[in-house]
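Residue numbers (our numbering), protein chains in the order written: chain A, 1 to 448; chain B, 1001 to 1448.
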């Protein structure tokens, strides 16, 4: 009898799990079940459709129906899994017509994702208050803009909040961002680096309010303004981007354990504590490579890597997930911002003594037209002199510098090794002394 | 008495050596001596001035007179060092007025560079035949273009040859490149990767002739055409870019040993076999990190790294040079091309059993406008499964991917580690599955 693999959820983690499972077991029966109408699309692309960079929400659908057919995957959309019964290895699912069926599994993979967390702000139920998680969310915001919204407020200055604020600004809306913490990108950047981003966003015309909470969302049925520390700001659209939380209700009900981060606990094979049940993606916890502690960065890259490992193991293969560094990058207007490993703040909070090296340099030879500024900050653990984190703000090639430093962290590169590393150079593409190397020199000086 | 440091040569290696020496010993007397009129400029920028991307040759001068003043460096230009006397630690130098002086040193650093090697082609003495090493060379070529040259031929399809051919094409000349070896970029790329570059260059309007030698440069006093395998090609300008050779005459005369690569042999402190004499830059040999064998890649990045180590040690400090990987990158029209470590060809020649992984992917999310193609090839040593080389051809961020893989090679990353590495992603900046990771997967499949 073929192996029956059931996957709950059908986005980054789910589809990659299905694909890896199929490559591992050519004869398995693989079923993907999703609550949503649209599946296999890129959530990360949503702000860029709203901003007008991508023509249509449909463009975000990475996996077309032909993919499922080619991979011999059974896809059930608009179907909700209501129960997992680990004892007889079945799940119960209800489709949109209300019909319930019981499906047996040999392996079950939960890729149920996360949901937008909306804090208990007064007035949050009003029309015009949105979060941004699904295509439907995006379509609603897009419609509100097309219906003539003039003013917008974004609550939360994290990655999604800022990407969203820029999209609204690009569509011509007068846009403010309100962040309770005292800086933008509070998870991603240290204060010194965040200051630069803050300044740039203001110069580009966004109103940025940090260190202040939202008092209330005002309006009758429909939002008309928000009140922040007593000041009223007009707003026809309010997007709440205060983070996401792992979806764990279904799992918890079935006795599947969650961890410190409140996401589903997994081992290196992405197995949960319940036999034959795996978890992957935004709902699943893994281990941070530097701190060795539970982490749940809820990033697209982690989701696909999780999914692949879960899929291979669920299909009878053997592979391990090696942990996360939280490498992430975004583009805000023309500025690229990236992070990998621990910030100085998080390293200190984890009890580490650190030294940092920061440099401002250029992305091309000084004399080459179009050279852009780049700022690199490297965080070093003092005792081992190993690199444990990096932040980059720059005009070009921030992403792959983050990847390079991620490789370094994963391979326990010391700051001295980084300072002596063999790098590539050409006038139109970078400086002779690579900025990462210069930042390492700065850190080394403090270690002498 | 202050330490007397004499540096022969004043470009990348020389000036960086001086700068590092000054930071190491605040009171040293540091003298830089150069044959040339222009010093401290970027040779790598020359093709881009000729191509019109950089306004003037003067822009290439990275170190202005104020730098030497600030760093308290004595600079003697248009002065030729004719002899080194290691016994009494002196050198003899002659300035352009013909005056000779003897200068004492405590430490001597040779950063005498390399010279363009021009093979014994019939007709190479004719007017209109150039090489490209100095600003003067560049100015002559520029003048020939302004004087109405219509047709050009470049001999050699290495990095400089192709950069030069593109510059000539950009200035409106009908340009052909002739390469004796059967492919373009023969040192940098394997045949499969070079084919892509060849195709792109032809599409952009260059005539590329590979696997054929130049018979003769024709013309009376001035070149009018070249003959290649019997075919005559019109040429008002011929640029010979068949590589450079380390300048070693002065060193050899003084008993300084050269190595396998015919460059000056050095140890990890950049010391030569003669006490208190260091060598750095294009004239100096170092060790390849992968093969552990002598190597002399003659790259700007190596020159500055060499110079820094030589300068610190010459000034009484202690630091080691950790070797070269030959990481290099260039931009040809809109295509970026990079390499690090060994090509498949060179690895095989070094006696290594290899496996490779090659992938063609995109530089941004598939749905994000402006996504460019990128091709990544990774070379793996079969027994250790370690990455030993990589080549990239792509529209964006090739340089920093090369740096990332260089970090991996230096830290002995295995191909499996690369396949599982934590990378950063955002739709406008890269794909969810980083192309380097996909290439690693391809290699892994062959190892299973």
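All C-beta atoms in this analysis are idealised placements derived from N, C-alpha and C, irrespective of residue type, glycine included.
Beta-carbon gap between residue i and residue j smaller than 8 Å
| i | j | result |
| --- | --- | --- |
| residue 1144 (chain B) | residue 1237 (chain B) | yes |
| residue 18 (chain A) | residue 73 (chain A) | yes |
| residue 1201 (chain B) | residue 1159 (chain B) | no |
| residue 1270 (chain B) | residue 1310 (chain B) | yes |
| residue 177 (chain A) | residue 206 (chain A) | yes |
| residue 61 (chain A) | residue 41 (chain A) | yes |
| residue 1248 (chain B) | residue 1119 (chain B) | no |
| residue 180 (chain A) | residue 150 (chain A) | no |
| residue 388 (chain A) | residue 409 (chain A) | yes |
| residue 57 (chain A) | residue 156 (chain A) | no |
| residue 323 (chain A) | residue 398 (chain A) | no |
| residue 421 (chain A) | residue 1304 (chain B) | no |
| residue 407 (chain A) | residue 1257 (chain B) | no |
| residue 1285 (chain B) | residue 1263 (chain B) | yes |
Chain A within 8 Å of residue i, Cβ atoms only
| i | result |
| --- | --- |
| residue 1042 (chain B) | yes |
| residue 1045 (chain B) | yes |
| residue 1289 (chain B) | yes |
| residue 1445 (chain B) | no |
| residue 1400 (chain B) | yes |
| residue 1439 (chain B) | no |
| residue 1240 (chain B) | no |
| residue 1253 (chain B) | no |
CB contact check: residue i to chain B, cutoff 8 Å
| i | result |
| --- | --- |
| residue 429 (chain A) | yes |
| residue 410 (chain A) | yes |
| residue 434 (chain A) | yes |
| residue 327 (chain A) | yes |
| residue 456 (chain A) | Nothing can be reported for residue 456 (chain A): it is not among the residues displayed for chain A, which extend from 1 to 448. |
| residue 406 (chain A) | yes |
| residue 164 (chain A) | no |
| residue 120 (chain A) | no |
| residue 278 (chain A) | no |
| residue 282 (chain A) | no |
| residue 33 (chain A) | no |
| residue 366 (chain A) | yes |
| residue 294 (chain A) | no |
| residue 48 (chain A) | yes |
| residue 338 (chain A) | yes |
| residue 425 (chain A) | yes |
Minimum C-alpha distance to residue i - residue among the options
| i | options | result |
| --- | --- | --- |
| residue 1355 (chain B) | B:1345, B:1379, B:1031, B:1147 | B:1379 |
| residue 153 (chain A) | A:224, A:137, A:92 | A:224 |
| residue 124 (chain A) | A:426, A:2, A:239, A:181 | A:239 |
| residue 1007 (chain B) | B:1092, B:1413, B:1062 | B:1092 |
| residue 161 (chain A) | A:203, A:446, A:208, A:171 | A:208 |
| residue 2 (chain A) | A:314, A:336, A:448, A:320 | A:314 |
| residue 292 (chain A) | A:316, A:325, A:263, A:364 | A:325 |
| residue 13 (chain A) | A:28, A:46, A:117, A:63 | A:63 |
| residue 1085 (chain B) | B:1096, B:1320, B:1101 | B:1101 |
| residue 341 (chain A) | A:140, A:187, A:303 | A:187 |
| residue 1266 (chain B) | B:1252, B:1287, B:1235 | B:1287 |
| residue 134 (chain A) | A:11, A:298, A:88 | A:11 |
| residue 1132 (chain B) | B:1233, B:1442, B:1114 | B:1114 |
| residue 1183 (chain B) | B:1212, B:1353, B:1171, B:1204 | B:1212 |
| residue 1375 (chain B) | B:1335, B:1028, B:1285, B:1090 | B:1335 |
| residue 1127 (chain B) | B:1175, B:1217, B:1171, B:1446 | B:1217 |
Contact test: residue i Cβ vs the ligand ATP heavy atom, cutoff 7 Å
| i | result |
| --- | --- |
| residue 1215 (chain B) | Here there are no bound small molecules, and the ligand ATP is not part of this structure. |
query: Three or more C-beta pairs closer than 8 Å, one from the stretch 330-338 of chain A and one from the stretch 13-33 of chain A: is that the case here?
result: no
- request: Starting from the N-terminal side, write out each stretch of the beta strand (DSSP E) that is 3 residues or longer and does not extend beyond the stretch 26-109 of chain A.
  value: 29-33, 73-76, 79-85, 90-95, 100-104
message: Measuring CB atoms only, is the stretch 79-90 of chain A touching the stretch 46-60 of chain A, in the sense that at least three cross pairs come out at less than 8 Å?
response: no
message: Just to confirm the assignment: which complete beta strand (DSSP E) runs, minimum length 3, are found wholly within the stretch 1248-1311 of chain B?
response: 1277-1279, all fully within the stretch 1248-1311 of chain B.
- request: Answer yes if the stretch 345-364 of chain A comes into contact with the stretch 1433-1441 of chain B, meaning at least three C-beta pairs across the two stretches below 8 Å, and no otherwise.
  value: Below 8 Å, too few C-beta pairs join the stretch 1433-1441 of chain B and the stretch 345-364 of chain A to call them touching: fewer than three.
message: Just to confirm the assignment: which complete beta strand (DSSP E) runs, minimum length 3, are found wholly within the stretch 380-428 of chain A?
response: Fully enclosed beta strand (DSSP E) runs of 3 or longer: 387-394.
query: Would you say the stretch 263-279 of chain A touches the stretch 294-310 of chain A, given that touching needs at least three Cβ pairs under 8 Å?
result: yes
query: If you scan the stretch 1126-1210 of chain B from start to end, which runs of the beta strand (DSSP E) of 3 or more residues do you find wholly inside it?
result: 1151-1155, 1174-1179, 1207-1210
query: Residue ranges of each beta strand (DSSP E) run of no fewer than 3 residues wholly in the stretch 312-338 of chain A, ordered along the chain?
result: 328-332
message: Taking contact to mean 3 or more Cβ pairs, one atom from each stretch, closer than 8 Å, check whether the stretch 389-402 of chain A and the stretch 188-197 of chain A are in contact.
response: yes
message: Quick check: the stretch 93-105 of chain A against the stretch 57-73 of chain A, are at least 3 beta-carbon pairs closer than 8 Å?
response: The stretch 57-73 of chain A is not in contact with the stretch 93-105 of chain A.
query: Is it true that the stretch 420-432 of chain A meets the stretch 358-366 of chain A, where meeting means three or more beta-carbon pairs spaced less than 8 Å apart?
result: yes
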